[in-house]
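For the protein sequence lines, the chains are A and B, in the order given. If you're matching positions, the first sequence starts at 1 in this note's numbering and goes up one per residue. If you're matching positions, the second sequence starts at 1001 in this note's numbering and goes up one per residue. Ideal Cβ placement from N, Cα and C applies to all residues, glycine included. Just so it is clear, the structure is predicted and the values come from calculations on it, not from any experiment. Beneath this line is the structure, given in structure tokens, with notes to follow.
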Amino acid sequence: MSDLKGRNKKLKYFEFTRWATQPALIFTLIFFVTPLAIMVVISFWQRVYGKLVASWSGANYIKFFGTDYLLESLTNSIEVTLATTAISILLAYPLAYILAYRISPKWQKVILIFAVLPFWTAYVVRSYSWLLVISENGIINFVLTHLGIIDQPLQMAYTRGATILGFVHFFTMLLTLTIYANLVQIKPSYWKAAEDLGASKLQVFLRITLPLSIPGVAVGAFITFVIAIGDYITPQILGGSTEVLVPQAIMLQVSRAANFPMASVMSITLMLVIVVVYAITAKHLKMNRV
Amino acid sequence: MKNLTSKSGSGINRRTFLGYAAGVSAMSALPVRYSHAAGELNILVWCDHADALLLKPFEEAHGVKVNVKSYEGTGTALSIIEQSSPGDWDVLVVDAPDTRVFAEQGILEPLDDANFPIGDLFEPLTSAAFNSIGGVRYAVPEKFGYYGVAYNKDKVDAADMRTAEVMWNEQYKGRVAVYDYYFPAMQLIAISMGIAPDNISMDHLPAIREKLLAMKPNVKLVGDIVSVQNALVNGDVDIVLNGAEFTVSNLMPSMPALDWTIFDEGGLMWIQGISVFKDSNRKELASHFLNHILSPQGQGTLATSECYWAMPANSLAVLSDDQRKILRWDEQAAFFERSVPSTISQPDIDAAMLDIWTEFLQS
Chain A
1 MSDLKGRNKK LKYFEFTRWA TQPALIFTLI FFVTPLAIMV VISFWQRVYG
51 KLVASWSGAN YIKFFGTDYL LESLTNSIEV TLATTAISIL LAYPLAYILA
101 YRISPKWQKV ILIFAVLPFW TAYVVRSYSW LLVISENGII NFVLTHLGII
151 DQPLQMAYTR GATILGFVHF FTMLLTLTIY ANLVQIKPSY WKAAEDLGAS
201 KLQVFLRITL PLSIPGVAVG AFITFVIAIG DYITPQILGG STEVLVPQAI
251 MLQVSRAANF PMASVMSITL MLVIVVVYAI TAKHLKMNRV
Chain B
1001 MKNLTSKSGS GINRRTFLGY AAGVSAMSAL PVRYSHAAGE LNILVWCDHA
1051 DALLLKPFEE AHGVKVNVKS YEGTGTALSI IEQSSPGDWD VLVVDAPDTR
1101 VFAEQGILEP LDDANFPIGD LFEPLTSAAF NSIGGVRYAV PEKFGYYGVA
1151 YNKDKVDAAD MRTAEVMWNE QYKGRVAVYD YYFPAMQLIA ISMGIAPDNI
1201 SMDHLPAIRE KLLAMKPNVK LVGDIVSVQN ALVNGDVDIV LNGAEFTVSN
1251 LMPSMPALDW TIFDEGGLMW IQGISVFKDS NRKELASHFL NHILSPQGQG
1301 TLATSECYWA MPANSLAVLS DDQRKILRWD EQAAFFERSV PSTISQPDID
1351 AAMLDIWTEF LQS
């Protein structure tokens, strides 16, 4: 009898979850799967004399992968995003570590508020604010010039470095949060056990803390990669279009030529890069905490 | 004066470049209904028509409320109209050469010259071929300007700015921003090479490409209006190529070091026109609005809007001496003499030009 009740309960729960997930599934089907399928189909179309012509031609793919300056946009995007992710991790990890283990809980809250401050500022405003800091007559050059450290202002704005700087400012804080959230879950009993077994502090970090915090790093790194590689605003404002990244190349095709087939090819390529990165980090993204 | 002519085509015109992006967004959005209560006029216009100073006198005179929808780019306007119901909109402002796109879709009401102060408008604007389609007028020119050069005269030799050679002048290496619109930028290069924009063909593109790429060492950034203005004001660059009065005029009263001009080799004009929607239920009111905008007072206010300044189409526009000086009013006759409108290219040439522009950005 109790088995029957239990089974009925399970069935009801199954029914509920089945129905509860329907809206999200339908939404995803309509607003993600369908547009994605349309985009894939359109990527084989052609824009001929200002009009879209339905076809199954691979000409757009051949043009994208066979044209140096277009392919370069992909390598530029990957280079900028990898640099951003790597620098952000290097800056965020120590910050998260200190925050998790060296700061009192009271101050942790205050610092966490400061950590999320960049998220409260509009993306465009943040990028233009950086220009005030790194431009030729900006704060950095002003200070360095007046201290007599440099004669000529440093060229920082409108460079790849400026784009990476803008990204790192934002993503360091994001990574700090994901790594911090991971670090505070690690049980102190693991360290005590390791120390009891004669491990040094460095060994405890390298063999316990670091491996157990990898999921936090991986999650933050993956989010950083996905957002940064698809970002248009930061390279546009801080990079000054002195080189083209894939999102800018997509915008050029869409906004100026209405060449949706070529823009689709670029978008799909970008998506494939993200899928590859996901495949690489999936192991850590799925890793269950002990 | 040169007769301003235009080629028709389905390419993309001034302001369309940024606008298509917004257009795509607009297309993907759910349809929006624009309310149209009695005593209201709905206008689909550029940002320079949103000033209270411009609208309030009309609203008070006619006892109506003017609802402004500001857009950027012809593509966006088309998207908004597609999402609207007939009668939602009364007045449209669009790139004059793009009027054909709207007229051919049957969106615009034919206009009678007798109802508007056509005789007061600068003649080169009213005689432009794109003003009428099949002999019928669908738009009245209301404001215009140029693609040329804007600069900080404290930092550069103003005489250098009057020649297109400044685009390759090594003296200004790293001191140049380019307004990010491939079409007029390459047309300016064509003009410097003695090729009229209307005559640009596929055969000309390799030479234009070479000149464009040769310009890159001088270029510090390529950006939209806000970006190039910002760079000029911050002192990161001293020159904005492919910009002119629309880039700096509104800054000049507070920053007198800024200035603009067109090249001696030739100028490239942009012209905006104002139209009435065919399905408007308030055509008479819309017509009054056009006359308000085209009136000397309205023209003065429109020319010096908060969004951007440019020359009024009406030669009787009420402007102060300082404003006229900033807009180079007294030089207009000479500017007209050596200027041609930036017109739409054939789609295949347009696509090839965009490829070259992308290569330029990447170089």
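DSSP three-state call for residue i: helix, strand or coil?
i, result
"Pro1256(B)", "coil"
"Ile1239(B)", "strand"
"Asn1169(B)", "coil"
"Gly1273(B)", "strand"
"Glu1109(B)", "coil"
"Leu1359(B)", "Note on identity: in this sequence residue 1359(B) is Glu, with Leu being the wrong assignment. Helix at Glu1359(B)."
"Val219(A)", "helix"
"Pro1117(B)", "coil"
"Phe32(A)", "helix"
"Tyr1147(B)", "strand"
"Leu1125(B)", "helix"
"Met1353(B)", "helix"
"Ser1227(B)", "helix"
"Ser1028(B)", "Only weak support exists for where Ser1028(B) lies, its pLDDT of 40 falling under 50; the coordinates are left without a value."
"Ser213(A)", "helix"
"Trp107(A)", "helix"
Could you work out which residues of chain A lie near residue i, taking near to mean beta carbons separated by less than 8 Å?
i, result
"Glu1359(B)", "Tyr69"
"Gly1223(B)", "Gln236, Ile237, Gly240 and Ser241"
"Gly1243(B)", "The premise fails here: Gly1243(B) is roughly 15 Å from chain A at the closest Cβ pair, so nothing lies under 8 Å."
Counting only Cβ pairs nearer than 8 Å, list the residues of chain B close to residue i.
i, result
"Tyr93(A)", "Within chain B, no residue comes near Tyr93(A); the closest Cβ sits about 34 Å away, beyond 8 Å."
"Tyr180(A)", "Ordered by position in chain B, no residue passes the 8 Å Cβ test against Tyr180(A), which lies about 35 Å from the chain."
"Ala249(A)", "Thr1358"
Nearest-angstrom Cα distance between residue i and residue j?
i, j, result
"Met156(A)", "Arg1209(B)", "28 Å"
"Ser1127(B)", "Ala1313(B)", "12 Å"
"Asp1154(B)", "Ile237(A)", "25 Å"
"Leu1030(B)", "Leu1268(B)", "A caution first: Leu1030(B) carries a pLDDT of 39, below 50, which makes its placement in the model too unreliable to give a value."
"Phe1058(B)", "Ser1320(B)", "21 Å"
"Pro1253(B)", "Asp1322(B)", "8 Å"
"Gln1171(B)", "Val273(A)", "42 Å"
"Arg47(A)", "Pro261(A)", "7 Å"
"Asp1330(B)", "Val1176(B)", "27 Å"
"Phe119(A)", "Leu174(A)", "9 Å"
"Glu1072(B)", "Val1045(B)", "8 Å"
"Cys1047(B)", "Glu1306(B)", "9 Å"
"Ile1356(B)", "Val1094(B)", "27 Å"
"Ser1010(B)", "Ala1351(B)", "The predicted position of Ser1010(B) is uncertain, since its pLDDT is 37 and thus under 50; a value taken from the coordinates is nonetheless stated next. Cα-Cα distance, rounded: 11 Å."
"Thr145(A)", "Val53(A)", "58 Å"
"Thr21(A)", "Val41(A)", "28 Å"
"Ala86(A)", "Ile164(A)", "11 Å"
"Trp1270(B)", "Thr1076(B)", "18 Å"
"Thr172(A)", "Ala92(A)", "5 Å"
Measure the beta-carbon distance from residue i to residue j and round it to whole angstroms, keeping in mind my assumption that it falls under 8 Å.
i, j, result
"Pro1184(B)", "Tyr1151(B)", "About 17 Å; that fails the 8 Å criterion."
"Ile1365(B)", "Ser1201(B)", "Here chain B covers residues 1001 to 1363 and nothing more, so residue 1365(B) does not appear."
"Phe222(A)", "Val277(A)", "7 Å"
"Asn1218(B)", "Tyr128(A)", "Asn1218(B) to Tyr128(A), Cβ: 24 Å. No contact."
"Val168(A)", "Ser77(A)", "So it is not a contact: roughly 16 Å between Cβ atoms."
"Leu270(A)", "Val246(A)", "5 Å"
"Leu1205(B)", "Val1064(B)", "No, Leu1205(B) and Val1064(B) are not in contact; Cβ-Cβ is about 50 Å, not under 8 Å."
Which chain A residues sit within Cβ distance under 7 Å of residue i?
i, result
"Lys1220(B)", "Tyr158 and Gly240"
"Tyr1071(B)", "Within chain A, no residue comes near Tyr1071(B); the closest Cβ sits about 14 Å away, beyond 7 Å."
"Asp1180(B)", "Ser241"
Closest by CA to residue i, which one among the options?
i, options, result
"Gln1389(B)", "Ala1129(B), Leu1078(B), Ile1118(B) and Asp1090(B)", "Lying before the first or after the last residue shown, residue 1389(B) is absent from chain B, which here runs from 1001 to 1363."
"Val1156(B)", "Ser1132(B), Gly1235(B), Gln1272(B) and Ala1190(B)", "Gly1235(B)"
"Asp1264(B)", "Phe1336(B), Thr1247(B) and Pro1206(B)", "Phe1336(B)"
"Ser213(A)", "Ser255(A), Asn137(A) and Ala96(A)", "Ala96(A)"
"Met266(A)", "Ala92(A), Pro215(A), Thr224(A) and Phe64(A)", "Phe64(A)"
"Glu1123(B)", "Ala1103(B), Asp1112(B), Leu1108(B) and Phe1144(B)", "Phe1144(B)"
"Gly1298(B)", "Gly1135(B), Ser1315(B), Thr1099(B) and Glu1284(B)", "Ser1315(B)"
"Ser1084(B)", "Leu1354(B), Ser1280(B), Ser1339(B) and Ala1310(B)", "Ser1280(B)"
"Leu1327(B)", "Ser1295(B), Leu1251(B), Gly1266(B) and His1292(B)", "Leu1251(B)"
"Ala1103(B)", "Val1222(B), Ala1333(B), Val1233(B) and Asn1131(B)", "Asn1131(B)"
"Val1228(B)", "Trp1089(B), Tyr1179(B) and Met1161(B)", "Tyr1179(B)"
"Ile1274(B)", "Ile1080(B), Ser1339(B), Ala1050(B) and Val1140(B)", "Val1140(B)"
Along chain B, in chain order, which residues have C-beta atoms closer than 7 Å to that of residue i?
i, result
"Val244(A)", "Thr1358, Leu1361 and Gln1362"
Within the present structure, is the beta-carbon of residue i separated from the nearest heavy atom of the ligand COA by less than 8 Å?
i, result
"Asn1230(B)", "With respect to small molecules bound, the structure shown includes none, and the ligand COA cannot be examined in it."
Mind pulling the chain B residues with CB within less than 9 Å of residue i?
i, result
"Ser135(A)", "Asn1230, Ala1231, Asn1234, Gly1235 and Asp1236"
"Ala59(A)", "Those within 9 Å of Ala59(A) in chain B number zero; the least Cβ separation is about 13 Å."
"Leu154(A)", "The premise fails here: Leu154(A) is roughly 12 Å from chain B at the closest Cβ pair, so nothing lies under 9 Å."
Applying a beta-carbon distance threshold of less than 9 Å, which residues of chain A neighbour residue i?
i, result
"Gly1075(B)", "Ser255 and Ala258"
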